[in-house]
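**Student:**
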Amino acid sequence: MSSLLLDLLNDAFFSAIPALGFAILFNVPQRYLVYCALAGALGHSARTLLMHVNMPIEWATFAAAALVGVITIQFAKRHLAPPLMYAVAAIIPMVPGTYAFNTVIALIQLTAQNQVSPELSAQVIVNGLKTVFILGALAVGLALPSLLYYRNRPII
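Note that my numbering has the sequence shown beginning at 3, numbered continuously upward.
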């Protein structure tokens, strides 16, 4: 149990760094930078925890992005700022860079060969689909809380 807690704290720390860096890159005011880092740390740690309990990365990313959406709406209400100011920087650590990189590398290797390799083709398809589904989960998970919170009409 303490090993999991240490892993989550380590994950939170190292995912807050890129969230903070991208918040600085996107010219977020200095007084809001800590909230961007906090949302990024909580979101990525939630995804890591959900993956630890054997949830697929796509669904874990969806749930973590929805959590980031809820958290950033609360930050926005408290500071009278747009929620996307916090949210965009906070989801950057969850972008599937490794899967996209592996897809491109396999595509390059596939085009360099004279014959079509079934192993490389499978690698391109699996990594490419994983990349697309994770990006879709990020987009929908981040948008869903805002769509439900700022709704003018009742759901039913």
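Note that CB positions come from ideal geometry on N, CA and C, so glycine has one too.
Assess, as a yes-or-no matter, whether the segment 85 to 94 is touched by the segment 22 to 35 under the definition of 3 or more beta carbon pairs within less than 8 Å.
**Tutor:** Touching, yes, given that three or more Cβ pairs across the two stretches are closer than 8 Å.
**Student:** How big is the Cα-Cα spacing for L40 and P120?
**Tutor:** Their backbone Cα atoms lie some 43 Å apart in a straight line.
**Student:** Just to confirm before moving on: does the CB-CB distance between Q125 and A108 stay below 7 Å?
**Tutor:** Yes. Within cutoff.
**Student:** Residues in its own chain within less than 7 Å of Y151 by CB, not counting five upstream and five downstream?
**Tutor:** Only I75 meet the Cβ criterion.
**Student:** Indicate the three-state DSSP secondary structure (helix, strand or coil) for Q115 in the structure shown.
**Tutor:** Q115 falls in the coil class under three-state DSSP.
**Student:** Which term fits A141, buried or exposed, when burial requires 16 or more other beta carbons within 10 angstroms of its beta carbon?
**Tutor:** So A141 ends up on the exposed side.
**Student:** Below 6 Å CB to CB, which residues in the same chain sit around G42 once its five sequence neighbours on both sides are set aside?
**Tutor:** The answer, listed in chain order, is S17, A18, A21, A92, P95.
**Student:** Can you tell me whether DSSP reads P85 as helix, strand or coil?
**Tutor:** Three-state DSSP puts P85 in a helix.
**Student:** Please list, in chain order, all residues of the same chain as A66 whose beta carbon is under 6 Å from its beta carbon, the five residues on each side excluded.
**Tutor:** Only G45, A48, R49 meet the Cβ criterion.
**Student:** At what residue ranges does the segment 32 to 108 contain a whole run of the alpha helix (DSSP H), taking only runs of 4 or more?
**Tutor:** Listed in chain order, the complete alpha helix (DSSP H) runs (minimum 4 residues) inside the segment 32 to 108 are 35 to 54, 59 to 81, 85 to 93.
**Student:** DSSP on P120, reduced to helix/strand/coil?
**Tutor:** Here P120 sits in helix by DSSP.
**Student:** Quick check on DSSP: helix, strand or coil for N12?
**Tutor:** N12 falls in the helix class under three-state DSSP.
**Student:** Smallest Cα separation from L86: which of G99, V72, P98?
**Tutor:** The option with the nearest alpha carbon to L86 is V72.
**Student:** DSSP state of N29, grouped into three classes?
**Tutor:** Three-state result, N29: coil.
**Student:** Cα-Cα, which of M53, L82, C38 is closest to V70?
**Tutor:** If we check each option's Cα against that of V70, C38 comes out closest.
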